[in-house]
Structure formats: C-alpha cells, structure tokens
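Residue numbers (the numbering used here): 216 to 472.
Just so it is clear, CB atoms sit at the ideal spot from N, CA and C, and this is done for glycine as well.
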C-alpha cells in the first residue's frame, strides 16, 4: 500500500507558491465538507504565482479530505511534472486536459474546479440547461457556457472546444458530465462552485415537485446577474474566504502541511 505520508515541500517553493498551495489544499477540504466530491476523482487546480504556464493539481489517488499543501503536484501546460510530491501517485490525465485548457486560454483565471456531483450531473443532462428559477440561479443567467459530451476527456484536441464553449464565462456545464467553475483566485472559484451546485440542487428539487415554473422577466434576471459580476460590487468569495478557512480549521485541520 502506498503511504500517504510525505515530506513538506515548504522549503522547496517560494512563499507565494506555498500560500497558493495552502489555500488550494483548503479548497479541496472545503469541497469535501460540502459533499462535492467523487471518491478520488475530479480536480481543482491553481496557477503558480509568478509562473503563468504552471499550475498545481491533486495527486491522483488522494481523497479531497486528506489533501495537503505538500501533496499537490506542480505541472506545466504540456503535462510535464515539475515538482512531484513523494506520495507515490501521479496526476489524472483528464484533469490535465481540462485544466490546462482553461489555464492556457484564460490568463485572467487562477483557479479551476471541476465536479461530478449528483445535482450537477442531473442538470447537465437537462436539455433546458440551468434555469433562472431563484436568485442563486440568476447569478449565472447568460453567464454559463455549455460543452457537449465527447467521452472521457483524454484527447488533447478537445481543449480548443472546451475553451471555445467556456468563452468569457466563469462557469460551464459539461453536458452529461458535470460542472466547471474558474475564478480570479481560489476563493472566487470556490464561491462560484458553491452557488452553482446549489442552483442545480434547487432546480432538481423544483422539477421533482412537478409544479408549473414561475420565471422572472429577462430584464430582472439580467439585472440580478450583473450585480454578481466581479467588476461590479466585489469579487464574491474573497470576503468569505477567511470564514471558510476557519471552517476547515475547525473541522479538518492539517491542510497547511
């Protein structure tokens, strides 16, 4: 059995990279706390500060709730592993394909999150897509891309279609697959995924109720969505992040090792 114990990488990286590693490991554990995991599968990545062509991603074999700052792999956009923790694991090829595509095409994005949650997969299979049925959902009105399913994301040529379908958005529904969010930083990406997941849960609940839907007018949906744009009031997630870190500290400490 492969040991989950690994030496600290803190002395081998810059202080800026270490901070990114700590926040990314905390994000993994938050995703576990909120039930947005799929055994050892799925992935969250963060760009390495000062190195736009490099990003951090999970070792493929660890659960989200056991991720630490030192168990993250550092890779480049070509898939070369630049710093491999001694976990004995490599990286998920599908994770590399999806995340390298977004990081390379979107220099404004520092973090990418991809999930296979029950609600997210359910909405990804709905022809109607995500509907503006609640304020939570309206945040994504006209601000979510859709990418048709092409099979397990192992082919490098899918990357161009992924980024074309994402466009300028910070969220995307992968048809018959799951959800993706990307953010200006880790806090922003997590906040987006938290609310996108909740929007999907609400939609599944409402559709299961079988009642006729009440949808707000287009202008109201657009007005509401505009208020959540990161350049309008604030970057949602940043103010909340310290509270999120306190939650991880209380529930599952040790991610900063």
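Beta-carbon gap between residue i and residue j smaller than 8 Å
i: residue 247; j: residue 401; result: no
i: residue 359; j: residue 284; result: no
i: residue 463; j: residue 244; result: yes
i: residue 414; j: residue 330; result: no
i: residue 391; j: residue 364; result: yes
i: residue 437; j: residue 356; result: yes
i: residue 299; j: residue 399; result: no
DSSP bridge partner residues for residue i (one or two, in chain order)
i: residue 361; result: 388
i: residue 262; result: 270
i: residue 393; result: 389
i: residue 329; result: 258, 395
i: residue 343; result: In the DSSP output, where bridge partners are listed per residue, residue 343 has none listed.
Rounded C-alpha distance that separates residue i from residue j
i: residue 267; j: residue 290; result: 11 Å
i: residue 221; j: residue 472; result: 10 Å
i: residue 449; j: residue 307; result: 34 Å
i: residue 374; j: residue 303; result: 28 Å
i: residue 263; j: residue 424; result: 45 Å
i: residue 295; j: residue 371; result: 14 Å
i: residue 229; j: residue 445; result: 28 Å
i: residue 465; j: residue 282; result: 16 Å
Cβ separation of residue i and residue j, assumed to be a contact under 8 Å, to the nearest whole Å
i: residue 313; j: residue 344; result: With a Cβ gap of about 20 Å, residue 313 and residue 344 do not count as contacting.
i: residue 428; j: residue 332; result: Incorrect: roughly 22 Å between the Cβ atoms, too far for contact.
i: residue 452; j: residue 405; result: 6 Å
i: residue 378; j: residue 320; result: 4 Å
i: residue 240; j: residue 470; result: 4 Å
i: residue 292; j: residue 315; result: 5 Å
Same chain, Cβ closer than 7 Å to residue i, five either side skipped, listed in chain order
i: residue 242; result: 259, 401, 405
i: residue 442; result: 448
i: residue 396; result: 328, 385, 386, 404, 407, 408, 411
Chain-order list of residues whose beta-carbon lies under 8 Å from that of residue i (same chain, five-residue window excluded)
i: residue 225; result: 233, 284, 285
Contact set for residue i: own chain, Cβ-Cβ below 6 Å, skip 5 residues either direction
i: residue 419; result: 334, 337
i: residue 353; result: 347, 436, 439, 440
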